[in-house]
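J.:
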Amino acid sequence: MTELWTTTPGGYLIVLAILLPLAGIILSFTLGGRSAERVALGSTPFGLALACAIALHVGRAGKPIVYVIGALEPPLGIALRADGISAIMLITTAVIVTAAALYARAKFATPDGIRESRSSLIFWIMLQSIWAALIIIFVSGDLFNLYVALELLTFAAVPLVCIDGRPETLVAALRYLLFALFGSICYLLGVALLYGAHGTLDIPLLAQRVQSTPVVWTAAALMTGGLLAKTALFPLHLWLPPAHANAPAAASAVLSSLVVKGSFFLTLRLWFYVLPGLSADQAAMVIGCLGSAAIIAGSVMALRQARLKLLIAYSTVAQIGYLFLVFPLATGAQSWSAMSWSACFMQILAHAFAKAAMFFSAGLLAEALGHDQIARLGGAARVLPLTFLTIALSGLSLMGLPPSGGFSAKWLMLQASIISGQWFWTLPILAGGLLAAGYVYRILAPALSDDRISLKSSPKRSQEVLALGLAMIAIALGFMPQTFSDILEIGRPIAAALP
Amino acid sequence: MSLLPYLDICLALLVVAVAFWTIAARDLFASVVGYVAYGLLLAFVWIRLYAPDVALTEAAVGGGVTGVLLITAGKRLGGLRNVGQGERPGFGLSLVAGVLAAAVAGALCAVILMLPDPPPSLAPEAVAAIHGAGAGLGNPITAVLMSYRSFDTMLEKMVLILAVVGVWSVGADNAWGGAPAPFRVSKPDAPMVFLAQMLAPVGVLIGIHIFWVGADEPGGAFQGGALLAAMWMVTMMAGVAQPPRVDARWLRVALVAGPAVFLVIGLAGGVVAGSFFAYPPALAKPIILFIEAFMVLSIAAALPMLVAGSPGERPDR
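These protein sequence lines map, in sequence, to chains A and B. Numbering of the first sequence is given in our numbering, commencing with residue 1 and proceeding in unit increments. Numbering of the second sequence is given in our numbering, commencing with residue 1001 and proceeding in unit increments.
#1: Go ahead and pull the three-state DSSP assignment for A:V39.
#2: What did DSSP end up calling A:R382 once you bin it into helix, strand or coil?
#3: Could you name the residues of chain B that A:F155 contacts, counting a contact when the two beta carbons are closer than 8 angstroms?
#4: Going by alpha carbons, who is nearest to A:G405 out of A:T316, A:A392, A:S458 and A:H351?
#5: Do you know how far the Cα of B:D1008 is from the Cα of A:G10?
#6: Can you name, in chain order, every residue of its own chain whose Cβ lies under 7 angstroms from the Cβ of B:L1040, other than the five neighbours on each side?
#7: B:A1273 by DSSP, collapsed to three states: which one?
#8: Please work out which residues of its chain come closer than 8 angstroms, Cβ to Cβ, to B:V1296, disregarding the five sequence neighbours upstream and downstream, and give them in chain order.
#9: Do you know how far the Cα of B:A1103 is from the Cα of A:V259?
#10: The alpha helix (DSSP H) with A:Y273 in it runs from where to where?
#11: At a Cβ threshold of 9 angstroms, is A:R118 touching chain B?
#12: If you draw a straight line from the alpha carbon of B:L1267 to that of B:I1288, how long is it in whole angstroms?
#13: By Cβ distance below 6 angstroms, which residues in the same chain neighbour A:L178 in space, the five residues on each side in sequence not counted?
#14: Taking A:G198 as the query, report the chain B residues whose CB atoms sit under 8 angstroms from its CB, ordered along the chain.
#15: Measure from the alpha carbon of A:T93 to the alpha carbon of each residue in A:D112, A:P276, A:A51 and A:P74, then state which is nearest.
#16: What does a CB cutoff of less than 6 angstroms around A:I122 pick up in its chain, not counting 5 residues either side in sequence?
#17: For A:V66 versus A:T154, is the C-beta spacing smaller than 9 angstroms?
#18: Please go through the same chain and pick out, in chain order, the residues whose beta-carbon is closer than 7 angstroms to the beta-carbon of A:L240, but skip the five residues on each side of it.
#19: By the DSSP assignment, the beta strand (DSSP E) with B:I1208 in it spans what residues?
#20: What's the call for A:S342, buried or exposed, on a 16-neighbour Cβ count within 10 Å?
#21: With a cut-off of 8 angstroms on the beta carbons, I'd call A:L310 and A:R442 a contact; round off their distance for me.
#22: Let me know the secondary structure DSSP gives B:L1137 once reduced to three states.
#23: Compare the Cα-Cα distances from A:T483 to each of A:A49, A:A55 and A:P21 and report the closest residue.
#24: Under 9 angstroms between the Cβ atoms of A:L412 and A:E464?
#25: Taking only beta-carbon atoms, is B:P1259 less than 9 angstroms away from chain A?
#26: Which same chain residues end up closer than 6 angstroms to A:L435 when comparing Cβ atoms and leaving out the 5 residues on each side of it in sequence?
#27: Thinking C-alpha only, which one of A:P446, A:R461, A:I96 and A:P45 is nearest A:F353?
#28: Looking only at its own chain, which residues have a Cβ that is under 7 angstroms from the Cβ of A:V383, when we skip the five neighbours before and after it?
#29: Which value, in whole angstroms, describes the spacing of the CA atoms of B:F1140 and B:S1121?
#30: Return the CA-CA distance between A:A338 and A:I88, expressed in angstroms with no decimal places.
#31: With burial defined as no fewer than 16 other Cβ atoms inside 10 Å of the residue's Cβ, what is the status of A:G141: buried or exposed?
#32: Rank A:I296, A:A82, A:I419 and A:K107 by C-alpha distance to the C-alpha of A:A61 and give the top, closest one.
#33: Please look up how many angstroms separate the CB atoms of A:G433 and A:G400, rounded, as I've assumed it's under 8 angstroms.
#34: Where does A:V15 fall in DSSP's three states?
#35: Would you decide whether A:D281 is buried or exposed? Buried here means 16 or more other CB atoms lie within 10 Å of its CB.
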């Protein structure tokens, strides 16, 4: 078992992947002005390369790669561990952050004649901070280290919400901050309880030691509650729509595609890696029900929105709901467990790419038309064909129509529900697809009409292509080969295999 | 028969009573005062739990910096008295929040009594750290924070930078690059100026001392840095010094110095000591003190900047 805590070949890549954006933050802040943008943009290719290199090492080795920091072993030291799910998430994050950085150049370039502007400096620093925090969340093997990463993520995400400086964005950011801090403190309380009961914060060590005691259950409840608030699972979703709808497009894309996935990822780490020995069928059922409620409520709310960005934000509430079906479906070591596991990650990826593409398009639309009222989109598709092609393609994936990543995810979920005998999950999955079709139709139908509409300005072709590229990835995910599932299984503990 | 257990019980009851007072107080200023008192009492609790390092931090942050921050914020809110008043949460919401808080507190009380006795702990290994990775240091807490947990410690300093950037980010666009509003706009009064001039040099000396002895005794970079920060705040409150411009290069360098030096040395460890964030054993103590010196600087710069607020805010009256 000691090989869990020994540095493996390629392990150093994990540290480099974390230190790169951290160094970027320090440089951007010190140099300021235009250098912040240059540092952020200049570091993205290296970050992408590091993520791919880590994935390659994990795939080749067929087991997680590990780096023990300072060669000081856990429990007192910290081990970083990149397994299959880390590898997939690292690449997804790198691609979307890179796309967001390129997309944001138009809005967040420092204007001529000014040495440094507020919104530009904040944006480039926070983008790199979100990246750094997510990488740590994906690879850290220590619950306290993960807490620090969660804090980093919160302090990076909140200022992006109010970067425009309008009063309503400040209200949205403040509400987000309160929910997120509530989540942090709950998580930290749980971590303290686990340490008090078992004397370690290392994930594999805890997995060996935890038993079904009241202390562990209280800790699990606190940590889960906190993480759900940060992930905006219904009914703790109240902060999400105003926050994501008020941020500028590039920031909304990162917040909706990646930031909420960070705390969701930690929820998975908690239940499937720290507490796999707990028989938590009832807890999983409750979480599954909340997920189902999120799908229905989020979709219905999306149908009722007048503003495009709010519609997309409520769609995020709904699409997050699907992720939580993994808890009732993937516990245990049965045949459908691996299927649900792939479905969950396929849904994370498909939603990440489709939602980033949608927010990019909504940003382009708002720039070109001067508003984002759905009722006034009549004829817009004729003047902005590429943007609406992007919306249609990403909408396809959100609805779950083949061929797309969204279809693969929902198809696997349906199969897993039926094979496992939990057929009742098929209802929210199917209803969610129909409702999604409804809200995507609401955007497309008026846009495709014959009405005449005038543009305030024509959109940048490069930004349109970026958005389209992300939507194409969401579609292409539908053709993912079996290796995807195999990679996701690398390093995943199975409940039955544990003592 | 010692008197101490009774004192402990009194202290515990007092903490709970002050906590209730803080929640129940109707007046903003009163509840801030309650909160500061609560922080200071907690520091005593930590001393009784034989955790002087935590006590120093709690007194500096929970009682000191947060107190000043809340009082400053309260004063600025006072200037906007007529804006956004009257939006008190409804009875239902208050009830739900109260029940939830009571449930969490009750559950915590119950399970804390169920924790194993003696508790499983890493303390013996931490004590051994002063002969291993933190060789040469006498304070195991500093040894652990700067060696085994160096990665956490560096990340926490990054969070501190982000907090400062986050506070600055809510300023107005056209004020960017300017300085935060001065702490004091009225004419400084003589006793306050005298205090700042007499206290600050002594406080700075004590702050550096706390950092320096932190290698072997209770204390360390955070506690020392917090004291330096307090001294800077005192001089600004007396009007002897003014908050710096947010685009001042020296301020930016001071803010990032700690994490930057930490990161570079951590990276160098990969080449020199065989692992990132490892130190050559013979040089562990001087290297750790070197990093801590820069962290003291960053903390001393960051905490007052958090209190000073975003650039260009209207001065509080």
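Backbone N, C-alpha and C fix where the C-beta goes; we use that ideal spot for every residue, glycine too.
T.: So, from the listed chains and residues:
#1: Your numbering for residue 39 of chain A matches position 39 in the first sequence. A:V39 falls in the helix class under three-state DSSP.
#2: Here residue 382 of chain A is taken as the residue at index 382 of the first sequence, counted from 1. Helix at A:R382.
#3: Looking up residue 155 of chain A in the first sequence gives position 155. Here the neighbours are V1159, L1162, A1163 and G1166.
#4: Residue 405 of chain A sits at position 405 when you count from the first residue of the first sequence. Cα-wise, what sits closest to A:G405 is A:H351.
#5: Along the first sequence, one-based indexing puts residue 10 of chain A at 10. Along the second sequence, one-based indexing puts residue 1008 of chain B at 8. Each residue's alpha carbon lies about 53 angstroms from the other.
#6: Locating residue 1040 of chain B in the second sequence gives position 40, counting from the first residue. Closer than 7 angstroms at Cβ, skipping near neighbours: A1059 and G1063.
#7: Translated into the one-based positions of the second sequence, residue 1273 of chain B becomes position 273. Three-state result, B:A1273: coil.
#8: In the second sequence, residue 1296 of chain B corresponds to position 296, counting from 1. G1207, I1208, F1211, A1221, G1224, G1225, L1228 and G1258.
#9: To locate residue 259 of chain A, count along the first sequence from 1; it is residue 259. To locate residue 1103 of chain B, count along the second sequence from 1; it is residue 103. Roughly 29 angstroms separates the two Cα atoms.
#10: Sequence index remark: in the first sequence, residue 273 of chain A carries index 273 (1-based). Neither: A:Y273 is in no alpha helix (DSSP H) and is coded neither H nor E.
#11: Residue 118 of chain A sits at position 118 when you count from the first residue of the first sequence. Output row for A:R118: interface = yes.
#12: Within the second sequence, residue 1267 of chain B is the residue found at index 267, counting from 1. Within the second sequence, residue 1288 of chain B is the residue found at index 288, counting from 1. Their Cα atoms are separated by approximately 14 angstroms.
#13: To locate residue 178 of chain A, count along the first sequence from 1; it is residue 178. Cβ within range, chain order: n/a, list empty.
#14: Taking the first residue of the first sequence as 1, we reach residue 198 of chain A at position 198. A quick correction: the sequence has His, not Gly, at residue 198 of chain A. Ordered by position in chain B, the residues that pass the 8 angstroms Cβ test against A:H198 are P1120.
#15: Counted from its first residue, the first sequence places residue 93 of chain A at position 93. If we check each option's Cα against that of A:T93, A:A51 comes out closest.
#16: The residue you call residue 122 of chain A lines up with position 122 of the first sequence. Contacts found: P159 and I163.
#17: Here residue 66 of chain A refers to the residue found at position 66 of the first sequence. Here residue 154 of chain A refers to the residue found at position 154 of the first sequence. No, the pair does not count as a contact, with Cβ atoms beyond the cut-off.
#18: Along the first sequence, read from residue 1 onward, the residue named residue 240 of chain A stands at position 240. Cβ within range, chain order: A232, A313, T316 and V317.
#19: By one-based count along the second sequence, residue 1208 of chain B stands at place 208. Here B:I1208 belongs to no beta strand (DSSP E); instead the alpha helix (DSSP H) covers A1190 to V1213.
#20: Taking the first residue of the first sequence as position 1, residue 342 of chain A is located at position 342. So A:S342 counts as buried.
#21: As a working mapping, residue 310 of chain A is identified with position 310 in the first sequence. As a working mapping, residue 442 of chain A is identified with position 442 in the first sequence. In fact, because the Cβ distance is near 12 angstroms, the residues do not count as touching under 8 angstroms.
#22: Here residue 1137 of chain B is taken as the residue at index 137 of the second sequence, counted from 1. Reduced to three states, the DSSP call for B:L1137 is coil.
#23: Taking the first residue of the first sequence as 1, we reach residue 483 of chain A at position 483. Ranking the options by Cα distance to A:T483, first place goes to A:A55.
#24: Your numbering for residue 412 of chain A matches position 412 in the first sequence. Your numbering for residue 464 of chain A matches position 464 in the first sequence. No, the Cβ-Cβ distance between A:L412 and A:E464 is not below 9 angstroms.
#25: Start at 1 with the first residue of the second sequence, and residue 1259 of chain B comes out as number 259. Yes, B:P1259 lies at the interface with chain A (some Cβ there is under 9 angstroms from its Cβ).
#26: The sequence position of residue 435 of chain A within the first sequence is 435, counting from 1. Closer than 6 angstroms at Cβ, skipping near neighbours: S299.
#27: In the first sequence, residue 353 of chain A corresponds to position 353, counting from 1. When each option's Cα is compared against that of A:F353, the closest is A:I96.
#28: In the first sequence, residue 383 of chain A corresponds to position 383, counting from 1. Around A:V383: I453 and L455.
#29: Your numbering for residue 1140 of chain B matches position 140 in the second sequence. Your numbering for residue 1121 of chain B matches position 121 in the second sequence. Checking the displayed sequence, the identity of residue 1140 of chain B turns out to be Pro instead of Phe. For B:P1140 and B:S1121, the distance between alpha carbons rounds to 14 angstroms.
#30: In the first sequence, counting from the first residue as 1, residue 338 of chain A sits at position 338. In the first sequence, counting from the first residue as 1, residue 88 of chain A sits at position 88. Roughly 16 angstroms separates the two Cα atoms.
#31: Translated into the one-based positions of the first sequence, residue 141 of chain A becomes position 141. Buried.
#32: Numbered from its first residue, the first sequence carries residue 61 of chain A at position 61. With distances taken between Cα atoms, A:A61 lies closest to A:A82.
#33: Working through the first sequence from its first residue, we reach residue 433 of chain A at position 433. Working through the first sequence from its first residue, we reach residue 400 of chain A at position 400. Right, their Cβ atoms sit about 5 angstroms apart.
#34: Along the first sequence, read from residue 1 onward, the residue named residue 15 of chain A stands at position 15. Looking at A:V15 - three-state DSSP - the assignment turns out to be helix.
#35: In the first sequence, counting from the first residue as 1, residue 281 of chain A sits at position 281. By the neighbour-count rule (16 or more Cβ atoms within 10 Å), A:D281 is not buried but exposed.
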